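If you're matching them up, the sequences are chains L and R in order.
Just so you know, we're using UniProt numbering here: the first sequence kicks off at 1 and counts up by one.
Just so you know, we're using UniProt numbering here: the second sequence kicks off at 1 and counts up by one.
Even for Gly, the Cβ is constructed at its ideal location relative to N, Cα and C.
Owing to the predicted nature of the structure, the values given are computational and were not obtained by experimental measurement.
Number of protein chains: 2
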Amino acid sequence: MVNKKNHLFYSIGDLSKSTGTKVVTIRYYEKIGLLPEPPRTEGGYRAYTKKHQEILFFIIRSRALGFSLIEIQNLLKLSENDILLNQDVLTITKNHLENIRSKISSLQKMETSLKNLIKECPDGKISGCGIIDSLNNYSDT
Amino acid sequence: MVNKKNHLFYSIGDLSKSTGTKVVTIRYYEKIGLLPEPPRTEGGYRAYTKKHQEILFFIIRSRALGFSLIEIQNLLKLSENDILLNQDVLTITKNHLENIRSKISSLQKMETSLKNLIKECPDGKISGCGIIDSLNNYSDT
DNA sequence: ATGCACTCTATAGTAACTATAGGGTCAACA
DNA sequence: TGTTGACCCTATAGTTACTATAGAGTGCAT
Numbered sequence: 001m002v003n004k005k006n007h008l009f010y011s012i013g014d015l016s017k018s019t020g021t022k023v024v025t026i027r028y029y030e031k032i033g034l035l036p037e038p039p040r041t042e043g044g045y046r047a048y049t050k051k052h053q054e055i056l057f058f059i060i061r062s063r064a065l066g067f068s069l070i071e072i073q074n075l076l077k078l079s080e081n082d083i084l085l086n087q088d089v090l091t092i093t094k095n096h097l098e099n100i101r102s103k104i105s106s107l108q109k110m111e112t113s114l115k116n117l118i119k120e121c122p123d124g125k126i127s128g129c130g131i132i133d134s135l136n137n138y139s140d141t
Numbered sequence: 001m002v003n004k005k006n007h008l009f010y011s012i013g014d015l016s017k018s019t020g021t022k023v024v025t026i027r028y029y030e031k032i033g034l035l036p037e038p039p040r041t042e043g044g045y046r047a048y049t050k051k052h053q054e055i056l057f058f059i060i061r062s063r064a065l066g067f068s069l070i071e072i073q074n075l076l077k078l079s080e081n082d083i084l085l086n087q088d089v090l091t092i093t094k095n096h097l098e099n100i101r102s103k104i105s106s107l108q109k110m111e112t113s114l115k116n117l118i119k120e121c122p123d124g125k126i127s128g129c130g131i132i133d134s135l136n137n138y139s140d141t
């Protein structure tokens with residue numbers, strides 16, 4: 001894809017392939033203001049630059065670390081303002097780490113409970129599986 | 001709350017307080033078919049019975065174990081049909097446990113990465129924090 | 001000139017709720 | 001008896017991070 005000034009551009013499909021992000025998702029990121037609006041061709045097609053690709057990669061890596069899109073938006077702002085605000089980046093990251101740790105711990109509690117429920121209801125058995133009962137927790141006397 | 005036949009009923013507010021579930025959430029569970037529609041008073045108020053309360057407790061305990069509302073719907077159906085279908089309950093529960101385990105493991109990977117990013121960017125420092133850079137992953141040569 | 005892959009916008013659907021608007025009900029108190 | 005205030009009703013839209021669909025236009029090759 002090449003524009004009037006003979007610069008190299010990416011179509012949205014190109015960007016999609018090179019980053020592994022779906023076309024609709026790229027448009028969605030633009031819509032919510034995460035990815036800057038690219039220039040358009042005469043026909044109205046989006047014409048992305050290398051810079052857009054870099055930002056998209058940033059988004060992808062941050063998502064892989066579990067950051068929310070709003071957190072990523074903040075990180076992107078900070079990365080523009082640079083140097084002085086690194087303290088904020090650190091804060092965001094630390095908060096995020098705390099969230100992840102508390103998610104892990106509540107999932108681990110679930111894991112333990114489920115393991116115990118299953119243990120009391122071995123594979124071969126057909127009746128007497130306690131899962132439903134222990135969810136019901138009937139004091140049905 | 002008392003109806004024509006002098007039976008005891010719960011208003012939605014009573015049920016809300018006794019189960020710790022928000023009023024809107026109770027109505028939502030009814031709307032999606034999780035909680036059966038209760039009879040109504042003359043004025044159109046919902047009049048819940050003990051049975052409704054038990055089902056709601058079942059839902060709450062299942063949610064605490066991380067089951068989705070659709071899974072809970074299935075569990076409720078099975079608990080009606082009783083005995084022969086316990087095998088299905090076991091299957092649902094085992095699948096769910098597997099999902100939880102894979103969530104835990106991906107969160108743990110995130111945790112490790114974040115910990116490392118933070119370690120390279122100690123508290124007192126203002127510049128040179130690598131979090132943004134490593135997300136950018138610039139080969140900016 | 002026509003076919004095909006690609007792109008465009010706009011809208012609705014997903015999960016599990018929460019929030020809001022605009023109204024009706026009911027028991028008690030003056 | 002009137003009215004206040006707490007409670008209840010329905011319907012609709014918003015939340016997160018997308019995905020799916022409809023209906024239409026673009027661009028390149030044959």
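>> Run through chain L and tell me which residues come within less than 7 Å of R:R101, C-beta to C-beta.
In response: Residues of chain L with a Cβ closer than 7 Å to the Cβ of R:R101 are, in chain order, E111.
> For the stretch 91-100 of chain L against the stretch 86-106 of chain R, are there 3 or more C-beta pairs whose distance is under 8 Å?
Replying inline: no
> Where does R:L8 fall in DSSP's three states?
Replying inline: Strand at R:L8.
> Is it buried or exposed for R:S68, if we count other Cβ within 10 angstroms and need 16 for buried?
Replying inline: R:S68 comes out exposed.
> Taking DSSP as the reference, what is the three-state secondary structure of L:Y45?
Replying inline: coil
>> Just to make sure I have the definition right: I need the residues of chain R whose C-beta is within less than 8 Å of the C-beta of L:L107. Which are they?
In response: G66, I100, K103, I104, L107
> Exposed or buried, which one is R:R46 when buried takes at least 16 other CB atoms within 10 Å?
Replying inline: buried
> Hey, does L:I118 have any beta-carbon neighbour from chain R nearer than 7 Å?
Replying inline: yes
> Smallest Cα separation from L:L75: which of L:E120, L:L35, L:T112, L:S102?
Replying inline: When L:E120, L:L35, L:T112, L:S102 are compared, the shortest CA-CA separation from L:L75 is found for L:L35.
> Going by beta carbon distance, what residues of the same chain come within less than 7 Å of R:I100, once the five residues before and after it are set aside?
Replying inline: Non-local beta-carbon contacts of R:I100 in its own chain, meaning distances under 7 Å to residues more than five positions away in sequence, involve G66 in chain order.
> When burial is assigned at 16 or more other CB atoms within 10 Å of the CB, is R:I59 buried or exposed?
Replying inline: buried
> With burial defined as no fewer than 16 other Cβ atoms inside 10 Å of the residue's Cβ, what is the status of L:T112: buried or exposed?
Replying inline: exposed
> Sorted by chain position, which residues of the same chain lie with C-beta nearer than 8 Å to R:S11's C-beta, five sequence neighbours on each side aside?
Replying inline: M1, Y45, R46, A47, Y48
> Taking the DSSP output, what are the residues bridged to R:R61?
Replying inline: Paired residue(s): none; R:R61 is not in a bridge.
> For the alpha helix (DSSP H) that R:K31 lies in, which residues bound it at each end?
Replying inline: 23-31
> How would you label R:S62, buried or exposed, when you count the other beta carbons within 10 angstroms and need 16 or more for buried?
Replying inline: buried
>> So if I threshold CB-CB distances at 8 Å, which residues from the UniProt domain "HTH merR-type" (9-78) of chain R count as touching chain L?
In response: E54, F57, F58, R61, S62, A64, L65, G66, L75, L78
> Hey, is L:T91's beta-carbon within less than 7 Å of any beta-carbon in chain R?
Replying inline: Contact of L:T91 with chain R is not assigned, every C-beta pair being separated by 7 Å or more.
>> Spatial neighbours of R:E80 within its chain, please: C-beta separation below 7 Å, excluding the five flanking residues on both sides.
In response: Within the same chain, and ignoring the five residues on either side of R:E80 in sequence, no residue has its Cβ closer than 7 Å to its Cβ.
> How close, in whole Å, do the beta carbons of L:I118 and R:L97 come, if the pair is a contact with beta carbons under 8 Å?
Replying inline: 7 Å
> By a C-beta neighbour count over all protein chains shown, 10 Å radius and 16 as the cutoff for buried, is L:I70 buried or exposed?
Replying inline: exposed
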